[in-house]
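Working notes, structure below.
Numbering (full-length UniProt numbering), first residue to last: 1 to 294.
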């Protein structure tokens, strides 16, 4: 979960660029929505800054006809995202996966922090909010797993909102935590990822953090990734004395901060290992069938 700078594209400019090569009759109809798109973008940004995107229920009802709603959805699929579409240059810029010379960048998904960006995710889905289909601040660079896993999720109350990478920044406190699940029998150790909010944060914010983990299935997805890290760590620990294990794991955790953000899978993983007395005192050498933290 990473805060990123919001795009600087103007919503009206993006929309008019996308519809520029439409046939005359279609373009006239599309142009009639330009003011509504610009107004929707302004309402969206104000709501997002106030962590109140769940209040845009009236916006979801516009336009009222199914035909017009499909036409506006098509502006994204056919005129922004499609190869050689008039807005394709903007689509690529919003993804941010290449630099100005076209070279690929290591651009991690801000929603999970692990996958690489391959697509754009509509923070509020375009089939529910068609006026927002090409509004730049509603388009989040995302990995495929986050985009498909989220589907058409719509917040119904304040605590139901997932984190918005352009408007939410909680990177100053490590709220993503993990707990070691000690193995039984021949099992391998595993991790449980969960939310541990700052004590001064509101219940609503805690609900939002928990909703983010649930919607993007991050506990499960992270748990699939940690086994190789734990196996590699166990191998490294064979070469150091027991009293060096915890400090070394703490050092490893710091290396997993991404752009200063501690809310990464690796940071939570290694902080949990360093804090687990069973693991640092030798549990990493093998399983313990008698004990479990789960």
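By construction, the Cβ of each residue, glycine as well, lies at the ideal position given by its N, Cα and C atoms.
- Inclusion of residue 3 and residue 169 in the CB contact set at 7 Å is warranted, their separation being smaller than that value.
- Non-local beta-carbon contacts of residue 164 in its own chain, meaning distances under 7 Å to residues more than five positions away in sequence, involve 48, 123 in chain order.
- Taking C-beta atoms as the reference points, residue 150 and residue 73 fail to come closer than 7 Å.
- Around the C-beta of residue 276, 16 or more other C-beta atoms lie within 10 Å, and the residue is accordingly described as buried.
- Per DSSP, residue 42 has no beta bridge partner at all.
- In terms of Cα proximity to residue 95, the closest of 69, 50, 5 is 5.
- Nearest in C-alpha terms to residue 132, of all of 191, 41, 18, 242, is 41.
- Annotation for residue 219: the continuous alpha helix (DSSP H) segment containing it runs 218-237.
- Selection 194, 208, 211, 189 evaluated against residue 285 yields 189 as nearest (Cα-Cα).
- Rounded to the nearest whole angstrom, the CA to CA distance from residue 129 to residue 87 is 19 Å.
- Residue 278 is positioned such that its CB atom lies no closer than 7 Å to that of residue 266.
- The way I'd put it, the segment 140-160 doesn't touch the segment 239-257; fewer than three beta-carbon pairs between them come closer than 8 Å.
- Collapsing the DSSP output to three states places residue 173 in coil.
- Distance check between residue 38 and each of 258, 9, 115, 28 places 9 closest, using alpha-carbon atoms only.
- Sorting 156, 78, 199, 159 by C-alpha distance to the C-alpha of residue 17 places 78 at the top.
- Within its own chain, the residues whose Cβ lies closer than 7 Å to the Cβ of residue 237, once the five positions on either side in sequence are excluded, are 245, 284, listed in chain order.
- Assignment of beta-bridge partners to residue 242 by DSSP yields no partner.
- Non-local beta-carbon contacts of residue 116 in its own chain, meaning distances under 8 Å to residues more than five positions away in sequence, involve 97, 106, 107, 108, 109, 143 in chain order.
- Contact check for residue 219 against residue 213 passes: the beta carbons are separated by less than 7 Å.
- The three-state reading of DSSP puts residue 70 in helix, counting H, G and I together.
- The alpha carbon of residue 228 has as its nearest neighbour, out of 269, 203, 184, the alpha carbon of 269.
- Assignment of beta-bridge partners to residue 195 by DSSP yields 176.
- DSSP, reduced to helix, strand and coil, places residue 184 outside both helices and strands of the structure shown, so it counts as coil.
- Close CB contacts of residue 154 within its chain, under the 6 Å cut and outside five residues either way in sequence, are with 128 (chain order).
- Shown here, residue 147 sits in a helix according to DSSP, grouped into three states.
- Going by C-alpha positions, residue 179 is about 44 Å away from residue 61.
- As a beta-bridge residue in DSSP terms, residue 119 pairs with 142.
- The DSSP-derived three-state label of residue 258 is strand.
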